[in-house]
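Just so we're aligned: 584 in this note's numbering is position 104 of the sequence shown, and the numbers increase by one with no gaps anywhere. Some notes on the structure that comes next.
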Amino acid sequence: METSVPKQLPLGSKISLLIWMVFVAPVQVIFNITRCVAIARSRHLPLRFYFTCGLLRVVLNKLTGRQLQFLLPGSTECYQKWIAESRTELGNGRNVAAVANLRERIEMLPVKSSSIMWLGDPSTADKAVLFFHGGGYKAPMSAGHMEWCLQAYVYANPTLKVAVALLRYALAPEAAYPVQLSQASSALAHESFWYHPF
């Protein structure tokens with residue numbers, strides 16, 4: 481169900497990635513984290529978020545799309561794993577309503593290599609939100625995107641039922657822009673959004 485992006489890299493790319501990860505990345509990460517921590521301390525902000533930003537800045541700025549996709553799980557795989565883990569976590573807390581709301585729902589779109597992955601139940605929702613995860617068209621969706629959508633939309637208002645449609649779009653360089661735009665248009669034209677106005 482994931483895009484046709486190969487999870488393999490040519491040998492030369494693997495070697496350059498390994499060299500970068502062993503020799504270059506640690507220096508860049510230490511520099512960025514030190515800088516970010518200094519900024520956070522001077523502004524009296526939580527260190528954890530700036531620490532994470534320092535690490536992500538190095539990774540996202542230096543790796544190519546193929547390298548990121550090689551290292552990270554695909555959007556669909558991440559969604560399925562996150563749903564399973566969240567259901568287990570919520571089930572242990574005996575939150576039956578929340579567990580029922582988190583069920584794997586994936587709908588393929590007519591445009592190649594794209595689908596909608598739902599958070600919440602679109603059939604009973606009062607509103608629907610179409611979410612584009614970002615990543616510069618080269619990075620797949622992460623668990624943080626889903627957690628953010630769940631908290632910001634689905635759980636934000638207990639009196640309003642909201643479902644979030646996470647668009648899984650084809651990633652660059654295999655799918656060059658404007659492929660993602662046609663996939664977004666296809667998602668917006670999906671029948672679920674005609675029943676749930678924004």
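In this text, a Cβ means the ideal position worked out from N, Cα and C, and glycines have one as well. All of these numbers come straight from a predicted model, not from anything done at the bench.
Buried or exposed by the 16-neighbour rule on C-beta atoms within 10 Å, applied to residue i
{"i": "R648", "result": "buried"}
{"i": "G624", "result": "exposed"}
{"i": "S595", "result": "buried"}
{"i": "L630", "result": "buried"}
{"i": "Q657", "result": "According to the sequence shown, residue 657 is Tyr rather than Gln. Exposed, since its Cβ has fewer than 16 Cβ neighbours within 10 Å."}
{"i": "I513", "result": "buried"}
{"i": "G600", "result": "buried"}
{"i": "Q660", "result": "buried"}
{"i": "I499", "result": "exposed"}
{"i": "N637", "result": "exposed"}
{"i": "P506", "result": "exposed"}
{"i": "Q488", "result": "exposed"}
{"i": "A608", "result": "buried"}
{"i": "P590", "result": "exposed"}
{"i": "S451", "result": "In the structure displayed, the chain extends from 481 to 678; residue 451 sits before or after that span and is not available."}
{"i": "V485", "result": "Reliability fails at V485, whose pLDDT of 47 lies under 50, so the model's placement of it is uncertain and the value that follows must be treated cautiously. Result: buried."}
{"i": "S593", "result": "buried"}
Reduced DSSP category for residue i - H, G, I as helix; E, B as strand; rest coil
{"i": "R537", "result": "helix"}
{"i": "L525", "result": "coil"}
{"i": "L491", "result": "helix"}
{"i": "M481", "result": "Confidence is the limiting factor: at M481 the pLDDT is only 46, short of 50, which leaves the residue's position unreliable, though a coordinate-based value still follows. Residue state, collapsed to three classes: coil."}
{"i": "M621", "result": "coil"}
{"i": "A636", "result": "coil"}
{"i": "P506", "result": "helix"}
{"i": "Y530", "result": "helix"}
{"i": "S662", "result": "helix"}
{"i": "E654", "result": "coil"}
{"i": "A669", "result": "coil"}
Per DSSP, cross-strand counterpart(s) of residue i
{"i": "S648", "result": "A small correction: the amino acid at residue 648 is Arg; Ser does not occupy that position in the sequence shown. R648 pairs with S595."}
{"i": "V642", "result": "K607"}
Considering only residues of the stretch 540-613, which uninterrupted beta strand (DSSP E) runs meet the minimum length of 3 residues and lie entirely inside it, listed in chain order? 586-588, 595-599, 607-611
Can we say the stretch 536-550 touches the stretch 609-622, given the rule of at least three CB pairs closer than 8 angstroms? Yes, the stretch 536-550 is in contact with the stretch 609-622.
Stretch-stretch touch, CB-based, cutoff 8 angstroms, three pairs: the stretch 553-564 with the stretch 530-545: no
Segment contact, 8 angstroms Cβ cut-off, at least three pairs: the stretch 511-528 with the stretch 485-500: no
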